[in-house]
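First to last, the protein sequences are chains A and B. Under my numbering, the first residue of the first sequence carries the number 133, and numbering increases by one thereafter. Under my numbering, the first residue of the second sequence carries the number 137, and numbering increases by one thereafter.
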Amino acid sequence: MQIEQIRLKNFRAFRDVQMKDIPRFCVLVGANGSGKSSLFSVFAFLRDAMASNVTVALARLGGSRGIQEVRSRGARGPIEIELKIRTDLGNKGSKLITYELHIDDEGGRPVVVREILRYRRGSSGKPWRFLDFSRGVGEAVTNELDSVDDESKLTREPQTLKSPDILAIKGLAQFERFPAVVALGNLIENWHLSDFHISRARPEVEAGFADHLSREGENLSLVVEYLHRQHPALFAQILDRLTHRVPGVTSVEAKTTEEGRVLLKFSDGSFEDPFLARFVSDGTIKMLAYLVLLYDPQPHPLLCVEEPENQLYPSLLWDLAEEFRSYALHGGQVFVSTHSPDFLNAVHLDEVFWLAKTEGYTRIHRAADDPQLNAYMEAGDRMGYLWKEGFFAGADPQ
Amino acid sequence: MRHLVFLLEGPSEKEALEAWVPTLLPPSVQSHFIVFEGKQDMERRMALKLRHWMQPDSRFIVLRDQDSADCTDVKAALLARCTESGRAADCIVRIACHELESFFLGDWQAVAQAFSLPRLADLDRKAIYRDPDRIALPEAELRRHVPGYQKRGGARRIAPLMDLERNRSRSFVKLREAITRQAQP
Numbered sequence: 133m134q135i136e137q138i139r140l141k142n143f144r145a146f147r148d149v150q151m152k153d154i155p156r157f158c159v160l161v162g163a164n165g166s167g168k169s170s171l172f173s174v175f176a177f178l179r180d181a182m183a184s185n186v187t188v189a190l191a192r193l194g195g196s197r198g199i200q201e202v203r204s205r206g207a208r209g210p211i212e213i214e215l216k217i218r219t220d221l222g223n224k225g226s227k228l229i230t231y232e233l234h235i236d237d238e239g240g241r242p243v244v245v246r247e248i249l250r251y252r253r254g255s256s257g258k259p260w261r262f263l264d265f266s267r268g269v270g271e272a273v274t275n276e277l278d279s280v281d282d283e284s285k286l287t288r289e290p291q292t293l294k295s296p297d298i299l300a301i302k303g304l305a306q307f308e309r310f311p312a313v314v315a316l317g318n319l320i321e322n323w324h325l326s327d328f329h330i331s332r333a334r335p336e337v338e339a340g341f342a343d344h345l346s347r348e349g350e351n352l353s354l355v356v357e358y359l360h361r362q363h364p365a366l367f368a369q370i371l372d373r374l375t376h377r378v379p380g381v382t383s384v385e386a387k388t389t390e391e392g393r394v395l396l397k398f399s400d401g402s403f404e405d406p407f408l409a410r411f412v413s414d415g416t417i418k419m420l421a422y423l424v425l426l427y428d429p430q431p432h433p434l435l436c437v438e439e440p441e442n443q444l445y446p447s448l449l450w451d452l453a454e455e456f457r458s459y460a461l462h463g464g465q466v467f468v469s470t471h472s473p474d475f476l477n478a479v480h481l482d483e484v485f486w487l488a489k490t491e492g493y494t495r496i497h498r499a500a501d502d503p504q505l506n507a508y509m510e511a512g513d514r515m516g517y518l519w520k521e522g523f524f525a526g527a528d529p530q
Numbered sequence: 137m138r139h140l141v142f143l144l145e146g147p148s149e150k151e152a153l154e155a156w157v158p159t160l161l162p163p164s165v166q167s168h169f170i171v172f173e174g175k176q177d178m179e180r181r182m183a184l185k186l187r188h189w190m191q192p193d194s195r196f197i198v199l200r201d202q203d204s205a206d207c208t209d210v211k212a213a214l215l216a217r218c219t220e221s222g223r224a225a226d227c228i229v230r231i232a233c234h235e236l237e238s239f240f241l242g243d244w245q246a247v248a249q250a251f252s253l254p255r256l257a258d259l260d261r262k263a264i265y266r267d268p269d270r271i272a273l274p275e276a277e278l279r280r281h282v283p284g285y286q287k288r289g290g291a292r293r294i295a296p297l298m299d300l301e302r303n304r305s306r307s308f309v310k311l312r313e314a315i316t317r318q319a320q321p
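What follows is the structure, given as structure tokens:
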């Protein structure tokens, strides 16, 4: 599953932007406040909207002002979010799903003014409208698409949702039969944001269970314990990587104390007694955290990572970029925001997008669309150098 | 459209040129700045930047500090890089003698105004500042009069206030002339 396109209108700083040809490993560059985190908040918004409703999701994002705050300043008309997602259906090829959502306020309440799910088989042909709702009323296809070869044979049934701020993809249980809708739901529900904070990961935590690293990393020791027990081969691989990246570290162990807290212990080949996590360098913990995140036995369908470079030695960033790329190729799609030229030097031309804010609104540029960047990259240049030299127009703080 | 591309050794030079260029160039000329990470990085990477620059009708100005090196040597080395790139005919190399800050010492009125230190304006009349290019460590000199002076922030404050027609630094005048010349159709 891969997001190929994102189109946003009137969503926060995105007055009208479109990201096309998004790769599996996508790196976002931009000054502070240019909208990198806002882009990730689109996914958070969709998850909240799906888990409850649009009103709740807007309140979570915009506080008490809700839609007034989330809608671009000075803009009128509905907030529009459109995702084009390619789902891999194994030997049946792939399908392109377009999900379009328009939200506006009517009579002081947020309303889904339009929700459409289109579906295209293969890479050509006309898309079939699968679901089309407005203000809680609409129609949806009821027969299995795979058995149908002509749009006229689709049977559509009118439906009414409980409320005009509920998403039809959530409200209609019948969609569970359709793999494409399940895939879309899975992406929205299980995307993950990693914004790792050393200070949160260091302290010992209450014993418990965690199989995924949390957003800020406070459950690191629990995940280490889980991997150590349930996935020893994978854990050995993580350790092997870690020992190559951090001089001295030979092993890592999670221990539960008598008081029921879980400690992380790091062994250094030169000393007999292991060190507790609180005495280990920030970089060591951070590297371990990323390895734990990236060697996840059940990868997230979409992983968004905020500025992974902090606390890490510059030469490690090249390796880290490669780890992210292999996660993207074998597991889920990865979006990384970065301010590090060293990280960017390991990134390919078609993996880079940069955000530039002009007159209060964000524009998104695809590096591969720029002929000058193409020419330099072909001549053996690197994205990090080009960025620092000023070739990402508008990316630098003004 | 004519494109004028500046190859610079650091961000302070860009700050300064961004302030000067709009008053020196007609609107028909678009300026670009390629900012390197110091002299070594500039020498290593500039030939590739020149050779693969794509905009048609482009001219280049390479600006570097002389620092403590010999001015002629520095210029020759940079010209060699231009030749290596195959674009020497479109390039002019200019050396700041001894540093970017020499240009600021050529206009104490601007320095005085930038830091709200009116007494500095009188320094223009002092003999040693009539030829600021002869001062070997201009940044240190500036710091002597403006305590806490910093390179990039200083350039950002002083450059927009400078009178480009009346600067006493000869290397500045040479740079200004080069900019005007490279802008000509």
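The beta carbon of each residue, even a glycine, is placed where N, CA and C say it ideally should be.
Taking Cβ positions only, does glycine 522/A come closer than 7 Å to chain B?
Here residue 522/A refers to the residue found at position 390 of the first sequence. Yes, glycine 522/A counts as interfacial toward chain B.
With distances taken from CA atoms, which of Arg218/A, Ile213/A, Arg197/A is nearest glycine 240/A?
Against the first sequence, residue 240/A aligns to sequence position 108. Looking at the Cα atoms, Arg197/A is the closest of the given residues.
Under a Cβ-count criterion, where at least 16 other Cβ atoms within 10 Å of its own Cβ denotes burial, should valine 269/A be classed as buried or exposed?
On the first sequence, residue 269/A is found 137 positions in, with the first residue counted as 1. Answer is exposed; the Cβ neighbour count stays below 16.
Taking contact to mean 3 or more Cβ pairs, one atom from each stretch, closer than 8 Å, check whether the segment 234-251 of chain A and the segment 197-210 of chain A are in contact.
Touching, yes, given that three or more Cβ pairs across the two stretches are closer than 8 Å.
Taking CB distances under 7 Å as the criterion, tell me whether valine 141/B reaches chain A.
Stepping through the second sequence from its first residue, residue 141/B is reached at position 5. Cβ-Cβ to chain A under 7 Å: no for valine 141/B.
Could you tell me the alpha carbon to alpha carbon distance between histidine 363/A and isoleucine 370/A, rounded to whole angstroms?
Numbered from its first residue, the first sequence carries residue 363/A at position 231. Numbered from its first residue, the first sequence carries residue 370/A at position 238. C-alpha separation (whole angstroms): 11 Å.
Taking one C-beta from the segment 485-499 of chain A and one from the segment 154-163 of chain A each time, how about it: are there three or more such pairs within less than 8 Å?
Cβ pair count under 8 Å is three or more, so yes.
For glutamine 430/A, count neighbouring C-beta atoms within 10 Å of its own C-beta (all shown protein chains included) and say buried if the count is 16 or more, exposed if not.
Sequence index remark: in the first sequence, residue 430/A carries index 298 (1-based). Glutamine 430/A should be labelled exposed.
Among the residues of its own chain, which have a CB less than 7 Å from the CB of serine 166/A, if the five just before and after it don't count?
The residue you call residue 166/A lines up with position 34 of the first sequence. Leu487, Ala488, Lys489, Thr494.
Is any beta-carbon of chain A found at less than 7 Å from that of valine 247/B?
Within the second sequence, residue 247/B is the residue found at index 111, counting from 1. Output row for valine 247/B: interface = no.
Going along chain A in order, which residues have a C-beta closer than 9 Å to the C-beta of methionine 137/B?
Taking the second sequence and counting its residues from 1, one reaches residue 137/B at position 1. Here the premise fails: no neighbours, minimum Cβ distance about 15 Å.
I'd like to confirm the pairing. Which residues does DSSP put opposite glutamate 231/A in its beta bridges?
Taking the first sequence and counting its residues from 1, the one referred to as residue 231/A is at position 99. Residue 231/A is actually tyrosine in this sequence, not glutamate. Leu215/A, Leu249/A, per the DSSP bridge assignment.
Answer with yes or no whether the minimum CB distance from proline 503/A to chain B is below 7 Å.
Within the first sequence, the letter at position 371 stands for residue 503/A. Proline 503/A counts as touching chain B.
Relative to the alpha-carbon of arginine 474/A, which residue among Glu441/A, Phe398/A, Phe407/A has its alpha-carbon at the smallest distance?
As a working note, residue 474/A is residue 342 in the first sequence. Residue identity differs from the one stated: residue 474/A is aspartate in this sequence, not arginine. The shortest Cα separation from aspartate 474/A among Glu441/A, Phe398/A, Phe407/A belongs to Glu441/A.
Count the C-beta pairs between the segment 251-261 of chain B and the segment 203-216 of chain B that are closer than 8 Å, then say yes if the count reaches three, no if not.
no
Use the C-beta contact count for glutamate 284/A: other C-beta atoms within 10 angstroms, 16 or more gives buried, fewer gives exposed.
As a first step, residue 284/A is located in the first sequence; it is residue number 152 there, counting from the start. Contrary to the premise, residue 284/A reads as serine rather than glutamate in this sequence. In the assembly as shown, serine 284/A is an exposed residue. Its beta-carbon has fewer than 16 other beta-carbons within 10 Å.
Indicate whether at least one CB of chain B lies closer than 7 Å to the CB of alanine 539/A.
Since the first residue shown for chain A is 133 and the last is 530, residue 539/A is missing from the structure and cannot be characterised.
Against phenylalanine 172/B, what residues of chain A qualify as contacts under a CB-to-CB distance less than 7 Å, listed in chain order?
Mapped onto the second sequence, residue 172/B falls at position 36. Neighbours of phenylalanine 172/B on chain A, chain order: Glu521.
Compare the C-beta of alanine 511/A with all C-beta atoms of chain B and state if any pair is closer than 7 Å.
Along the first sequence, read from residue 1 onward, the residue named residue 511/A stands at position 379. Interface with chain B (7 Å Cβ-Cβ cutoff): alanine 511/A is included.
Quick one, which residues of the segment 450-469 of chain A are near chain B if we go by CB-CB under 8 Å, in chain order?
Of all residues in the segment 450-469 of chain A, none has a Cβ within less than 8 Å of some Cβ in chain B.
Closer than 7 Å by C-beta to arginine 312/B: which residues in its own chain qualify, once you throw out the five before and the five after it? Chain order, please.
If you number the second sequence from 1, residue 312/B lands on position 176. Result list for arginine 312/B: Leu160, Leu300, in chain order.
Considering only DSSP beta bridges, list what glutamate 271/A is partnered with.
Against the first sequence, residue 271/A aligns to sequence position 139. Looking at the DSSP assignment, glutamate 271/A forms a beta bridge with Asp264/A, Pro290/A.
For a cutoff of 7 Å on Cβ pairs, would you count methionine 298/B as touching chain A?
Numbered from its first residue, the second sequence carries residue 298/B at position 162. No - not a single Cβ of chain A is within 7 Å of the one on methionine 298/B.
Check this for me: beta carbons of alanine 145/B and alanine 291/B, under 7 Å apart or not?
What you label residue 145/B is simply residue 9 of the second sequence in a count that begins at 1. What you label residue 291/B is simply residue 155 of the second sequence in a count that begins at 1. Strictly speaking, residue 145/B in this sequence is glutamate, with alanine absent from that position. With contacts defined as CB atoms closer than 7 Å, glutamate 145/B and alanine 291/B fail to qualify as a contacting pair.
Applying a beta-carbon distance threshold of less than 8 Å, which residues of chain B neighbour tyrosine 517/A?
Here residue 517/A refers to the residue found at position 385 when the first sequence is read from its first residue. Near tyrosine 517/A (Cβ distances below 8 Å), the residues of chain B are Arg181.
Quick check: what's the CA-CA separation for alanine 511/A versus arginine 317/B?
To locate residue 511/A, count along the first sequence from 1; it is residue 379. To locate residue 317/B, count along the second sequence from 1; it is residue 181. In a straight line, the C-alpha of alanine 511/A is about 30 Å away from that of arginine 317/B.
Taking only three categories from DSSP, how would you classify asparagine 142/A?
Taking the first residue of the first sequence as 1, we reach residue 142/A at position 10. Strand.
By Cβ distance below 8 Å, which residues in the same chain neighbour leucine 143/B in space, the five residues on each side in sequence not counted?
Indexing the second sequence from 1 puts residue 143/B at position 7. Same-chain partners within the cutoff: Ile170, Phe172, Met178, Met182, Lys185, Leu186, Phe196, Ile197, Val198, Leu199.
With DSSP collapsed to three states, give me the class of tyrosine 493/A.
Taking the first residue of the first sequence as position 1, residue 493/A is located at position 361. Three-state result, tyrosine 493/A: strand.
Checking contacts by CB at 7 Å: is glycine 169/B closer than that to chain A?
If you number the second sequence from 1, residue 169/B lands on position 33. Here residue 169/B is phenylalanine; the residue named in the question, glycine, does not match the sequence. Yes, its Cβ sits closer than 7 Å to a Cβ of chain A.
Return the residues of the segment 221-250 of chain B that lie within a Cβ-Cβ distance of less than 8 Å from chain A, sorted by chain order.
So nothing in the stretch comes that close.
Considering only DSSP beta bridges, list what lysine 397/A is partnered with.
Numbered from its first residue, the first sequence carries residue 397/A at position 265. Glu385/A, Leu408/A, per the DSSP bridge assignment.
Can you find a C-beta in chain C that's less than 7 Å from the C-beta of methionine 190/B?
Structure shown: chain C not included; protein chains present are A and B.
Just to confirm, is the Cβ distance from leucine 444/A to leucine 345/A under 7 Å?
Residue numbering aside, residue 444/A sits at position 312 when the first sequence is read from its first letter. Residue numbering aside, residue 345/A sits at position 213 when the first sequence is read from its first letter. Contact: no.
Rounded to the nearest angstrom, what separates leucine 325/A and lysine 211/B at their Cα positions?
As a first step, residue 325/A must be located in the first sequence, where it is residue number 193. As a first step, residue 211/B must be located in the second sequence, where it is residue number 75. Their Cα atoms are separated by approximately 51 Å.
How about leucine 184/B: is its C-beta nearer than 7 Å to some C-beta of chain A?
The residue given as residue 184/B occupies position 48 in the second sequence. So, interface residue.
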